[in-house]
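K.L.:
Per this note's numbering, residue 207 is the first one in the sequence shown, and the count goes up by one each step. Don't be surprised by glycine CBs; every beta carbon is placed ideally from N, CA and C. Handing you a structure now.
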Amino acid sequence: MPEGYILGTRVTVTSYDDACDRLGEWIAAASGGYVVAANVHVVMTGVWQRDFQAVVNGARLVTADGMPLVWGLRLLGFANVQRVYGPALMLALCDRAVSEGWRIFLYGSEPEVLQRLQSNLETWFPGLKIVGSYAPPFRPLSAAEEAADRQRILASGADIVFVSLGCPKQERWMARQVAFLPAVLVGVGAAFSFHSGMVAQAPPWLMSLGLEWLFRWVQEPRRLWKRYLITNPAFIVLFSGQLLWHALHRRRRRESH
207 MPEGYILGTR VTVTSYDDAC DRLGEWIAAA SGGYVVAANV HVVMTGVWQR DFQAVVNGAR
267 LVTADGMPLV WGLRLLGFAN VQRVYGPALM LALCDRAVSE GWRIFLYGSE PEVLQRLQSN
327 LETWFPGLKI VGSYAPPFRP LSAAEEAADR QRILASGADI VFVSLGCPKQ ERWMARQVAF
387 LPAVLVGVGA AFSFHSGMVA QAPPWLMSLG LEWLFRWVQE PRRLWKRYLI TNPAFIVLFS
447 GQLLWHALHR RRRRESH
């Protein structure tokens with residue numbers, strides 16, 4: 207599948223079915239890898255922290271999690287790009303896991319959230335194999351603690367590890383673990399909170415307009431104000447510059463021919 211770059215972050219033109227198919231191939235080969243669901247926050251964190259951008263670009267699959275990235279790729283010429291939203295991808299993978307027999311591990315969030323999440327997933331997807339879950343401390347983990355967590359996952363025999371630690375923590379965690387784990391690691395952001403019922407998701411019509419950020423900001427203004435009042439405008443300014451460069455480059459190529 208084709209890929210584009212938005213402010214230096216690689217984004218794959220994919221779909222839910224295609225993403226599930228790709229993960230199925232990796233699981234069959236026990237080749238591991240990690241998946242990043244990229245939105246404006248991920249892209250802008252990469253602009254400000256180039257080592258983080260390298261972490262994102264090192265993923266085997268980077269999906270367009272947010273509508274601004276979908277629109278951005280379309281403006282860059284990728285007409286067939288679709289949104290592949292992390293929480294929805296998690297459900298699509300759980301659905302596929304039932305038919306394929308894939309084993310699931312849940313990593314992140316809090317114990318109460320994990321309990322509710324597991325109960326909901328097992329209700330929604332009868333036969334789903336959830337082989338383990340763990341909520342690590344919110345503080346930075348020691349090398350010994352990370353090794354112990356890897357051992358938990360290895361001992362479970364998991365094929366997919368859903369990781370819900372928030373950006374940029376979850377992406378950095380996946381990049382550190384990927385060399386040691388044969389499972390596929392999938393960063394799903396706030397999906398655990400959404401699917402556990404602890405936090406409400408924006409309605410689909412608001413998502414389609416690219417206004418999910420407004421819904422979340424109203425819910426958590428203290429935590430998210432900086433992300434949306436600083437990060438989003440900065441993205442618009444910088445991506446406008448990328449679009450201008452892209453248009454000029456395309457014009458020069460046409461004139462040279």
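So what does residue 311 bridge to, in DSSP terms?
P.N.:
Paired residues: 338, 367.
K.L.:
For the region 246-256 against the region 313-323, do three or more pairs of beta-carbon atoms, one drawn from each stretch, fall closer than 8 Å, so that the two count as touching?
P.N.:
Short answer: they don't touch.
K.L.:
On the DSSP bridge list, what partners appear for residue 356?
P.N.:
In the DSSP output, where bridge partners are listed per residue, residue 356 has none listed.
K.L.:
Can you check DSSP and say which residues form a bridge with residue 240?
P.N.:
In the DSSP output, where bridge partners are listed per residue, residue 240 has 391.
K.L.:
Which residue's Cα is closest to the Cα of residue 333: 304, 237, 224?
P.N.:
If we check each option's Cα against that of residue 333, 304 comes out closest.
K.L.:
Let me check understanding here. Comparing Cα to Cα, which of 387, 370, 406 lies closest to residue 235?
P.N.:
When each option's Cα is compared against that of residue 235, the closest is 387.
K.L.:
Which of the three DSSP states, helix, strand or coil, is assigned to residue 231?
P.N.:
Residue state, collapsed to three classes: helix.
K.L.:
At the level of alpha carbons, what is the spacing between residue 356 and residue 437?
P.N.:
The straight-line gap from Cα to Cα measures roughly 33 Å.
K.L.:
Output the residue ranges of the beta strand (DSSP E) runs that lie fully inside the region 278-334 and measure 3 residues or longer, sorted by chain position.
P.N.:
For the region 278-334, whole beta strand (DSSP E) runs of length 3 or above, ordered along the chain, are 309-314.
K.L.:
Taking 8 Å as the cut-off, decide whether the C-beta atoms of residue 320 and residue 294 are in contact.
P.N.:
Result no, Cβ atoms of residue 320 and residue 294 do not sit closer than 8 Å.
K.L.:
Taking just the CA atoms, how far does residue 452 sit from residue 331?
P.N.:
Roughly 45 Å between the two C-alpha positions.
K.L.:
Quick check on DSSP: helix, strand or coil for residue 252?
P.N.:
Of the three classes helix, strand and coil, the one that applies to residue 252 here is helix, per DSSP.
K.L.:
How far does the beta strand (DSSP E) with residue 216 in it extend, from its first residue to its last?
P.N.:
Its beta strand (DSSP E) spans residues 215-218.
K.L.:
Excluding the 5 residues flanking residue 445 on each side, which residues of the same chain have their C-beta closer than 7 Å to its C-beta?
P.N.:
Cβ neighbours of residue 445 beyond the five flanking positions: 212, 213, 278.
K.L.:
Measuring only from the beta carbon, is residue 343 closer than 7 Å to any heavy atom that is part of the ligand FMN?
P.N.:
In terms of ligand content, the structure shown is empty, and the ligand FMN therefore cannot be addressed.
K.L.:
Taking only the alpha-carbon atoms, compute the straight-line gap between residue 283 and residue 318 and give it to the nearest angstrom.
P.N.:
So the two alpha carbons sit approximately 44 Å from each other.
K.L.:
Between the alpha carbons of residue 401 and residue 373, how many angstroms are there, rounded?
P.N.:
Their backbone Cα atoms lie some 18 Å apart in a straight line.
K.L.:
Buried or exposed: which applies to residue 255, given that a residue is buried once 16 or more other Cβ atoms fall within 10 Å of its Cβ?
P.N.:
Per the 10 Å Cβ criterion, exposed.
K.L.:
Give a yes or no on whether the C-beta atoms belonging to residue 215 and residue 259 are separated by under 8 Å.
P.N.:
Cβ distance < 8 Å, so residue 215 and residue 259 count as in contact.
K.L.:
DSSP has residue 209 in a bridge; who is on the other side?
P.N.:
For residue 209, which the question treats as bridged, DSSP gives the partners 218.
K.L.:
Where does residue 329 land, buried or exposed, given buried means 16+ other C-beta within 10 angstroms?
P.N.:
Result: exposed.
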